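Down below is the structure, laid out as structure tokens.
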Amino acid sequence: MTFKEMMAGVQLLGVVAIGGWLGWDALNGGATGTTAEVATKLLWAVGGMIGFNIFGTIIGAILVSIAQGAELRDEPADERDHAVAARSLRNSGIATSILAALALIPLALGVDANLAIYALFVAPVVGGTINALSELYYYRTM
């Protein structure tokens, strides 16, 4: 496992963990409240994702290093890395753009602003998830 593959895995675990928390919270009445309360909760979720990625990277590097018997390092990028990054970013950019545009539809229809806040939060999260999944796929197939 390379460092870049481990990073993609950590990002996916972070999305599952934070997404699970937000889903559980929404099922227990957390999706209601003022627009400011919902936005504040989602800002905490962003902070949680950042913290999870930092902590997960450190722990993941330690665990993978122990399992491989050698220090896990981020190697300098080569042509393959650039190609993987370009394709992954293309996929995530398309998904994020489409979802962000679709997130404006509820606002145009006069739906509660809280739904639009969640939709605008989900768009880049899904884009990042697609980026991480694409990286894992392309590193295994290219």
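Okay, so the sequence shown: first residue is 1 according to UniProt numbering, each after it adds one. Glycine is no exception: its CB is placed at the ideal position from the N, C-alpha and C atoms. Computed from a predicted model, the values in this text were never measured in an experiment.
Rounded to whole angstroms, the gap between the alpha carbons of K41 and I62 is 31 Å. DSSP places A61 inside the alpha helix (DSSP H), whose first and last residues are T35 to Q68. Taken through DSSP and simplified to helix, strand or coil, V10 comes out as helix.
Burial is judged here by how many other beta carbons sit within 10 angstroms of a residue's own beta carbon; I18 has at least 16 and is buried. Taken through DSSP and simplified to helix, strand or coil, G110 comes out as coil. Taking 8 Å as the upper bound for CB-CB distance, A123 and T141 are not in contact here, some 27 Å apart. Annotation for D74: F3 and K4 place their beta carbon closer than 8 Å to its own, counting only its chain and skipping 5 residues before and after.
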